[in-house]
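S.K.: Below are the structure tokens for one structure; questions will follow.
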Amino acid sequence: MSERRVVDARGSFCPGPLMELISWIKLAQVGDELELLSTDKGSVSDVPEWVKKVGHDFLGSREESGVWHITVKKTK
Amino acid sequence: MDANKISIVVVSGTRERLQMAAMVASVGAVSGNDVSVFLSMNAMPYFLKGSQTPAPAEGPFGTLMAGKNVPAFRSLFQQAVELGGAKVYPCSMAMDVMEVDSAGLEPFLSEPLGLTKFLLNARNTQVWSF
């Protein structure tokens, strides 16, 4: 059964949030969703670019009170 | 040129250059590129086993970074290896000068490499130097 995990990388600067997300993706199962919390604005563009490059699914991003919530699904 | 291969030469011992080199290595590696890093000169002492020595700032940005939660350059190089399959090679000449062997370096480093072999491998790749 697929799971959803929150990866809290608030306060970390580039490329910290991306690397944190990748660390958790390595441990996740195919079909799992990971929601990255980041205060690094660059993550909003960097994460979708990385997801596109490596072939996972980008499910969307939204900003709440200065925190970006970026959701990715592991597909392989 | 093979745009998916990135060769990085790191000889500086300043915070900004080590940080940028580590960022290029880590992001490049986890994005599916074949990344090779060649460490030499003033960069080498920071990769002695267990080294916690902070790198001095070259300019105001380096000083600014010291007070922020910027990922440590050593950790980024290690993540480049462990998450992205990068190779980080210590320069064999620098090791001779420092009188250190592989056991005295961080375990995530690859076996020492000579400049001739590194340059041969770097042909037709993106080459970055810091």
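Chains A and B supply the protein sequences, listed in that same order.
Going by our numbering, 626 is the number at position 28 of the first sequence; the sequence numbering is gapless.
Going by our numbering, 33 is the number at position 32 of the second sequence; the sequence numbering is gapless.
Each residue gets a CB set at the ideal place from its N, CA and C atoms; glycine is no exception.
State the CB to CB distance for the pair P113 of chain B and S93 of chain B, rounded to an integer number of angstroms; the pair is presumed to be in contact (CB under 8 Å).
M.R.: About 4 Å; that satisfies the 8 Å criterion.
S.K.: Kindly indicate if chain A contains any beta-carbon less than 8 Å away from that of M21 of chain B.
M.R.: So no, M21 of chain B is outside the interface.
S.K.: Compute the distance between the beta-carbons of V89 of chain B and L49 of chain B, then report whether it is under 8 Å.
M.R.: Not closer than 8 Å, so no.
S.K.: Closer than 8 Å, CB to CB, is S32 of chain B near chain A or not?
M.R.: Chain A, which has a Cβ nearer than 8 Å to the Cβ of S32 of chain B, makes this yes.
S.K.: Start and end of the alpha helix (DSSP H) containing N122 of chain B?
M.R.: It spans L116 to A123 - the alpha helix (DSSP H) in which N122 of chain B sits, taken as one unbroken run.
S.K.: For E661 of chain A and P61 of chain B, what's the separation of their Cα atoms in angstroms?
M.R.: Distance between the alpha carbons of E661 of chain A and P61 of chain B: 31 Å.
S.K.: Starting from C92 of chain B, follow its DSSP beta bridges and name the residues at the other end.
M.R.: For C92 of chain B, which the question treats as bridged, DSSP gives the partners B:L114.
S.K.: Which residue or residues does DSSP assign as beta-bridge partners of L635 of chain A?
M.R.: According to DSSP, which records beta bridges pairwise, L635 of chain A is partnered with A:D606 and A:H667.
S.K.: Taking the alpha-carbon positions, what's the E107 of chain B to M599 of chain A distance?
M.R.: So the alpha carbons of these two residues sit roughly 39 Å apart.
S.K.: Would you mind reading off the limits of the alpha helix (DSSP H) that contains L19 of chain B?
M.R.: Residues R16 to V31.
S.K.: Using the rule of at least 16 other Cβ atoms within 10 Å of the residue's Cβ for burial, across every protein chain shown, is G614 of chain A buried or exposed?
M.R.: Buried is the call here.
S.K.: Quick check: the Cα distance between C609 of chain A and N70 of chain B, rounded to an integer number of angstroms?
M.R.: In the sequence as presented, Cys is not what sits at residue 609 of chain A; that position holds Gly. G609 of chain A and N70 of chain B: Cα-Cα distance of roughly 6 Å.
S.K.: Here's the rule: buried if 16 or more other CB atoms are within 10 angstroms of the residue's CB, otherwise exposed. What is V98 of chain B?
M.R.: The residue is exposed, with fewer than 16 neighbouring Cβ atoms inside 10 Å.
S.K.: Measuring only the C-alpha atoms, how far is F611 of chain A from S37 of chain B?
M.R.: Going from the Cα of F611 of chain A to the Cα of S37 of chain B covers about 24 Å.
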